[in-house]
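Residue numbers (full-length UniProt numbering): 1 to 297.
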């Protein structure tokens, strides 16, 4: 039975329907065609596929049926016209490499971080202005290419990644140009105080809140938007102050350590003033971003 098929360098405008009958196919190459639409029926049938190469086509979207490719390890859709990535990509937990270079992506789905075996991610030459929080879940990530985007900073905990290669030139990173400012008054709403208490108690599996919370789906949905304070690591629903840290990274593809801006989410003025880390608040000024430091209280 056929397990590898190369249809590259042709003039196909869509994936031939007959390909959907090759259920034992493991590698499919369709690079350099004129494909603009990916058939959900064909893709949904290739459940044994490990490698899919759709480079250099005219594809604008991938069907949600891509979630059926549960054995997929390498997905390459470089040099296309993708405007978004389906959240269903998060079902492909065997993925080790994705390539979305040279597309029209403005955002990534949070579900992408469910693919915890990812070791290489190529996202260069898109329109990304932010990366979703939670990237530290990709503990096996070694290569990240986000060059030529519109990023202003990296997500919180980015520096926890053990990257061997990082490509980030050609972005719009905030620059460290400190200016003194006065820290605003700290006001935490009752809703936020309750949410923090519930989030804290929910971490204790023997607590009453942890046991009864699933009975309140609206609350579960709301609390799913929570994050953690960069300083004290306590769960919070709403960030009191969003700042930036400048972190020195050492990656093998750089001769010198690389200083990158990393987002910091803080829960209170106490955390802002604690520790030896220097946090900066961000002011956007077109055409460039500038930073100012908030005075310690």
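Each residue gets a CB set at the ideal place from its N, CA and C atoms; glycine is no exception. All figures in this text were calculated on a predicted structure; none of them were measured in a lab.
Check	Outcome
Same chain, Cβ closer than 8 Å to residue 82, neighbours up to 5 away in sequence not counted	59, 60, 61, 62, 100, 103, 104, 105
Rounded straight-line distance, which links the Cα of residue 278 to that of residue 165	26 Å
For residue 190 and residue 214, the rounded distance between their alpha carbons	22 Å
Assigned exposure category for residue 233 - 16 Cβ within 10 Å defines buried	exposed
Residue 280 to residue 73 span [Cα, whole Å]	40 Å
Contained beta strand (DSSP E) runs [length at least 3] in the segment 44 to 73, N- to C-terminal order	51 to 53
Boundaries of the beta strand (DSSP E) in which residue 273 is found, first to last residue	Taken as a continuous stretch (DSSP letters only), residue 273 belongs to no beta strand (DSSP E), being part of the alpha helix (DSSP H) at 269 to 273.
Residue 51 versus residue 27 - alpha carbon distance	5 Å
Cβ-based burial, residue 1 [other Cβ within 10 Å; buried from 16]	exposed
Distance, residue 263 Cα to residue 242 Cα	7 Å
Cβ contact check for the segment 161 to 175 and the segment 198 to 207: 3 or more pairs under 8 Å	no
Ordered list of beta strand (DSSP E) runs contained in the segment 225 to 258, each at least 3 residues	241 to 249
Residue interval of the beta strand (DSSP E) (run including residue 121)	120 to 122
Residue 214, DSSP secondary structure in three states	helix
Neighbourhood of residue 285 by C-beta, 7 Å cutoff - its chain only, sequence neighbours within 5 removed	Its pLDDT being 47, under 50, residue 285 is placed unreliably by the model, and the measurement read from it follows with that caveat. For residue 285, where only same-chain residues beyond five positions count, there are no Cβ hits under 7 Å.
Whole-angstrom distance between residue 125 and residue 145, CA atom to CA atom	9 Å
Distance CB(residue 111)-CB(residue 87) smaller than 7 Å	yes
Bridge-paired residues (DSSP) for residue 97	74, 120
6 Å CB neighbourhood of residue 167 in its chain, flanking five on each side removed	145, 147
Given residue 300 as reference, the closest of 95, 138, 43 once Cα atoms are compared	Any property of residue 300 remains undetermined from this structure, which presents the chain solely from 1 to 297.
Cβ neighbour criterion (16 or more within 10 Å) applied to residue 34	exposed
Own chain residues within Cβ distance below 6 Å of residue 257, not counting five before or after	248, 250
Cα-Cα separation between residue 70 and residue 22, rounded to whole angstroms	16 Å
Own chain, CB closer than 8 Å to residue 39, minus 5 neighbours either side, in chain order	14, 15, 17, 20, 63
Residue 230 burial status per 10 Å Cβ neighbour count (16 or more: buried)	buried
Own chain partners of residue 11 with C-beta closer than 8 Å, once the 5 adjacent residues on each side are dropped	33, 34
Limits of the unbroken alpha helix (DSSP H) element including residue 341	In the structure as shown, the chain begins at 1 and stops at 297. Residue 341 is therefore absent and cannot be evaluated.
Cβ of residue 235 within 7 Å of any chain D Cβ	Protein chains in the displayed structure number just one, and chain D is not present.
Integer Cβ distance of residue 239 from residue 222, believed to fall under 8 Å	Contact flag wrong, Cβ pair sits at about 15 Å.
Backbone CA spacing between residue 48 and residue 95 [nearest angstrom]	13 Å
For residue 202, the three-state DSSP class (helix, strand or coil)	helix
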